[in-house]
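Listed in order, the protein sequences are those of chains Y and W. With the numbering used here as the guide, the letters of the first sequence map in order to residues 1 to 241. With the numbering used here as the guide, the letters of the second sequence map in order to residues 1 to 322.
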Amino acid sequence: MIRDDLRCIYHIAAKDMRTYYLKPPAVSWGMVFPAAWTLAFYLRSPSNFDDLIPGLIAMTILFSTTAAEAVVINFELRLGSLERLLLAPVSAESVLLGKVMGGFFFGLLMTSMVTLGTVLGLDLHPDLLVLIPVGLISLLVFSSMGALFSVLFKEVFEAQTFLNLPRFLMVFLCGVVYPISAMPWWLQQTSQLLPLTYTVEGIRAAFSAAPSSSSKDLLLLAVFLMLFLLPAMRMLRKRFE
Amino acid sequence: MNAIEVRGLIKRFDGFTAVDGISFDVKEGEVFGLLGPNGSGKTTTIRMLVGLSRPTEGGAKILGFDLSSGITEAKRKIGVVPDSSNLYDELSARENLLFMAKLYGVPKDLREERAEELLKAFGLYQRRYDRFGTFSRGMKRALTIAAALVHDPKVLFLDEPTVGLDVVAARSLRNLISDLHRKGLTIILTTHYLEEADHLCDRIAILVKGEVVAVDTPQGLKRYADERSVIEVSFGREVAGLVGDLSARLPGAEVVFLDEARMTVRGGDPSRVLEGIFEFSKDHDLGLSAINSIRPSLEDAFVRITGLSPTVMAREKGGKGG
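Following this line, the structure appears as structure tokens:
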């Protein structure tokens, strides 16, 4: 049974990668947009470029995983293709996980390219034992966030529009380009409620001269993962009841 | 042996009862039709039977698997063709079939063979590398059926298979369904085309407002329509003024004028009715031009059983379907 579900999750993810993710709009959202954003900050302050790398990687994780998540679920719900997946001998939860894993794999590809490019190009030496777990769990968190927004709204444009709100809020409030410590007290408190804060914190820890433990970040990211994934699964099942 | 057993199935949506305690059996190897107008509960019934929707009450068994506890097992044995052709536009015909085969766990070494076999059987082999999005409606429908067969199911659910197709495509699809029936597949078909149900189905359940109002063979249902003989008669000139004389010659029969020179005669002893008509024609020198015995159609049966006009079926979903 579990084997059947894992097989379906893999095939759904692979199919989504091919049909939705590896297309110019998803690639531009996932990689070009964070790179352009980072370049803008680099041009403003070229001496601090290394400081921007954790933020660039975090943004790539966020934007690549959510680039087409709203499309892959809402669009297929509208076309009826999602029903076809639900007719297969697997649970609705596995179908949703397949969709989440599509975003995860695409995010992993984009993030790996950006990370390898910057690490090799700038001769950086991150602690991979910190960077890899934080990166992987963050990819799952934001792909699940995209899935949740996708099942919350009926139309593709609604899901994409409402998804932009937390995405851009997080870019400004989670330490991607501005340090959280430099923000007013109430914004610092707000940033603690946003998952990207822990992604950025974990990646910064991996890139710092004296790498610190990222257990707290990993734990909180795991909590966010459950907060996004479980309601998304429940809502998808409910749609078909 | 029964392939499907449905018992007291109920589906309610926010106080509205879409399916109201229906029960029926589908025998192995038969084509079973669910016939009814829009909103009669056909599609809701199918959606519950294939596991897309949970029944509010009641239950069903598919190939011995209970809908509530064994739906995943049942899904391995059933193929479903929804009312819309919902494969992936971006994938080719071959890729769509291979993807479906992967989802249903068809072994790797059999996938290609099975896809190729189906593409040939459905006349799509030459277009196997073309994207699904470029196909005509008829070809899309054919590939959607092929996709439902890729894992070699024992039961096939077809929801409105010919809706929106032109006459030629609809006829070709009906032939395809007949072929699948001959191969022993159990088929559950929903349709609102009376002729389609009559032509394809071994047995038919008529649904009205979520309830099964009749289950029988097409012939059995037609017997509900009118047990009396029906004869249609045409004369060479107007006879409406002579109705009194005609009725007197046809004891026990009911004469209904279709126009001034044409009528149907229902009931009575058929040999005495024919004798009376010939004498009537000869005595008044009317020039009898045609005389036909009319068999009741499924449409007559539908009207008699449901009390609905057959136009409620024709109006549905826009398409003619051939």
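Don't be surprised by glycine CBs; every beta carbon is placed ideally from N, CA and C.
Have a look at the options and flag the residue whose alpha-carbon is nearest the alpha-carbon of residue i.
i: W/E73; options: W/L49, W/Y88, W/E90; result: W/L49
i: Y/L165; options: Y/T66, Y/P89, Y/G55; result: Y/T66
i: W/A3; options: W/D20, W/I10, W/I62; result: W/I62
i: W/L149; options: W/I46, W/A115, W/D20, W/F278; result: W/A115
i: W/F24; options: W/A18, W/S40, W/V6, W/K209; result: W/V6
i: W/S136; options: W/D283, W/D89, W/G64; result: W/D89
i: W/E57; options: W/G8, W/R76, W/T43, W/A18; result: W/G8
i: W/L324; options: W/G70, W/V243, W/Q219; result: Nothing can be reported for residue 324 of chain W, as the shown portion of chain W is limited to 1 through 322.
i: W/Y224; options: W/V80, W/T44, W/T306; result: W/T306
i: Y/L77; options: Y/K154, Y/L225, Y/P195; result: Y/K154
i: Y/A247; options: Y/I73, Y/M110, Y/Q188; result: Chain Y is shown from 1 up to 241; residue 247 of chain Y falls before or after that span and cannot be answered.
i: W/D159; options: W/T44, W/R76, W/I291; result: W/T44
i: W/R76; options: Y/L79, Y/M1, Y/F168; result: Y/M1
i: W/G241; options: W/T134, W/I22, W/L286, W/T17; result: W/L286
i: W/L87; options: W/A253, W/Y125, W/R141; result: W/R141
i: W/K368; options: W/A205, W/S85, W/L97; result: Because chain W is modelled from 1 through 322, residue 368 of chain W falls outside the range shown and cannot be assessed.
i: Y/I53; options: Y/P126, Y/F75, Y/S144; result: Y/P126
i: Y/M170; options: Y/I203, Y/A58, Y/F75; result: Y/A58
i: Y/G98; options: Y/I203, Y/I9, Y/Q192; result: Y/I9
i: Y/L128; options: Y/S181, Y/E158, Y/V156, Y/F207; result: Y/F207
i: W/E28; options: W/R249, W/L274, W/I187, W/L298; result: W/I187
i: Y/V114; options: Y/I61, Y/P133, Y/L43, Y/A68; result: Y/I61
i: W/V155; options: W/E113, W/V80, W/A93; result: W/V80
i: W/L143; options: W/S69, W/V106, W/S84; result: W/S84
i: Y/I152; options: Y/G55, Y/P184, Y/P231, Y/L85; result: Per the sequence shown, residue 152 of chain Y should be read as Leu rather than Ile. It is Y/P231 whose Cα lies nearest to the Cα of Y/L152.
i: W/R228; options: W/V19, W/R295, W/E275; result: W/R295
Just to make sure I have the definition right: I need the residues of chain Y whose C-beta is within less than 9 Å of the C-beta of residue i. Which are they?
i: W/F16; result: Those within 9 Å of W/F16 in chain Y number zero; the least Cβ separation is about 15 Å.
i: W/N2; result: Here the premise fails: no neighbours, minimum Cβ distance about 21 Å.
My assumption, with CB atoms under 8 Å, is that residue i sits in contact with residue j. Please give the rounded CB distance.
i: W/A261; j: W/S234; result: 6 Å
i: W/I78; j: W/F157; result: 6 Å
i: W/A60; j: W/M100; result: About 24 Å separates the two Cβ atoms, so there is no contact after all.
i: W/G138; j: W/L165; result: 5 Å
i: Y/V248; j: Y/L221; result: In the structure as shown, chain Y starts at 1 and stops at 241, and residue 248 of chain Y therefore has no counterpart that could be examined.
i: W/Y104; j: Y/P89; result: 7 Å
i: Y/L139; j: Y/L116; result: With 8 Å as the limit, Y/L139 and Y/L116 do not qualify as a contact, their Cβ atoms being about 15 Å apart.
i: Y/Q160; j: Y/A70; result: 5 Å
i: W/F280; j: W/L246; result: 5 Å
i: Y/V130; j: Y/A205; result: 6 Å
i: W/S271; j: W/G236; result: Rounded, the Cβ-Cβ distance is 24 Å, inconsistent with contact.
i: Y/L87; j: W/L52; result: 7 Å
i: W/L189; j: W/R131; result: W/L189 to W/R131, Cβ: 29 Å. No contact.
Residues of chain Y with CB closer than 7 Å to the CB of residue i, please, in chain order.
i: W/R295; result: The contacting residues do not exist; W/R295 stays about 40 Å from chain Y at best.
i: W/T190; result: By Cβ distance, chain Y contributes nothing, its closest Cβ being about 15 Å from W/T190, past 7 Å.
i: W/P82; result: G80, E83
i: W/E90; result: T19
Name, please, each residue of chain Y whose Cβ falls closer than 8 Å to the Cβ of residue i.
i: W/N175; result: What W/N175 touches in chain Y: nothing, since even the nearest Cβ is about 25 Å away.
i: W/N86; result: L79, G80, S81, E83, R84
Since residue i meets chain W, which of its residues come closer than 7 Å, beta carbon to beta carbon?
i: Y/L283; result: Outside the modelled stretch of chain Y, which goes from 1 to 241, sits residue 283 of chain Y, for which no answer is possible.
i: Y/A70; result: Chain W residues near Y/A70: none, gap ~17 Å exceeds 7 Å.
i: Y/F240; result: L52, S53
i: Y/D4; result: G105
i: Y/L140; result: Within 7 Å Cβ-Cβ: nothing; Y/L140 doesn't reach chain W, min ~23 Å.
i: Y/A26; result: Ordered by position in chain W, no residue passes the 7 Å Cβ test against Y/A26, which lies about 13 Å from the chain.
Taking C-beta pairs closer than 9 Å, name the residues in chain W that residue i reaches, listed in chain order.
i: Y/L163; result: Ordered by position in chain W, no residue passes the 9 Å Cβ test against Y/L163, which lies about 23 Å from the chain.
**Q.** Proximal residues, the stretch 28-61 of chain W versus chain Y, C-beta separation under 9 Å
**A.** Of all residues in the stretch 28-61 of chain W, those with a C-beta nearer than 9 Å to a C-beta of chain Y are R47, V50, G51, L52, S53, R54, reading in chain order.
Q. Does the pairing of the stretch 228-241 of chain Y with the stretch 139-155 of chain Y give three or more beta-carbon distances under 8 Å?
A. Contact holds: three or more Cβ-Cβ distances are below 8 Å.
Q) Does the stretch 212-219 of chain W touch the stretch 262-281 of chain W, meaning 3 or more C-beta pairs lie closer than 8 Å? A) No, the stretch 262-281 of chain W does not touch the stretch 212-219 of chain W.
(Q) For the stretch 92-124 of chain W, list every residue whose C-beta sits within 7 Å of some C-beta in chain Y, in sequence order. (A) For the stretch 92-124 of chain W, residues whose beta-carbon sits nearer than 7 Å to a beta-carbon of chain Y comprise F99, K102, L103, Y104, G105.
Q.
Tell me whether the stretch 156-174 of chain W and the stretch 184-196 of chain W touch, counting them as touching only if at least three CB pairs, one residue from each stretch, are closer than 8 Å.
A. Segments in contact, yes.
Q) At a cut of 8 Å, does the stretch 17-35 of chain Y reach the stretch 120-136 of chain Y through at least three beta carbon pairs? A) The stretch 17-35 of chain Y is not in contact with the stretch 120-136 of chain Y.
Q: Would you check if there are 3 or more beta carbon pairs closer than 8 Å linking the stretch 166-175 of chain Y to the stretch 193-212 of chain Y?
A: The stretch 166-175 of chain Y, when compared against the stretch 193-212 of chain Y, does touch it at the 8 Å Cβ threshold.
(Q) If the cut-off is 7 Å on Cβ atoms, which residues from the stretch 7-19 of chain Y count as contacting chain W, listed in chain order? (A) Listed in chain order, the positions of the stretch 7-19 of chain Y with a beta carbon within less than 7 Å of a beta carbon of chain W are R7, C8, H11, K15, T19.
Q: Could you say if the stretch 18-33 of chain W and the stretch 197-211 of chain W meet the contact criterion of at least three C-beta pairs nearer than 8 Å?
A: Yes, the stretch 18-33 of chain W touches the stretch 197-211 of chain W.
**Q.** Proximal residues, the stretch 65-80 of chain W versus chain Y, C-beta separation under 8 Å
**A.** Within the stretch 65-80 of chain W, T72, E73, K75, R76, V80 place their CB atoms closer than 8 Å to a CB of chain Y, listed in sequence order.
Q | the stretch 9-16 of chain Y touching the stretch 97-104 of chain Y, judged by at least three CB pairs closer than 8 Å | A | Contact between the stretch 9-16 of chain Y and the stretch 97-104 of chain Y is present, because at least three Cβ pairs lie under 8 Å.
Q: For the stretch 12-23 of chain W and the stretch 180-190 of chain W, state whether three or more C-beta atom pairs, one from each stretch, are separated by less than 8 Å.
A: With a cut-off of 8 Å, the stretch 180-190 of chain W and the stretch 12-23 of chain W do not count as touching, because too few Cβ pairs lie within range.
Q. What are the residues of the stretch 118-133 of chain Y that lie near chain W, defined by any Cβ-Cβ distance shorter than 8 Å?
A. If the cut-off is 8 Å between Cβ atoms, the stretch 118-133 of chain Y has nothing near chain W.
Q | Selection of the stretch 200-221 of chain Y by Cβ proximity to chain W, strictly under 9 Å | A | Answer in chain order: no residues at all.
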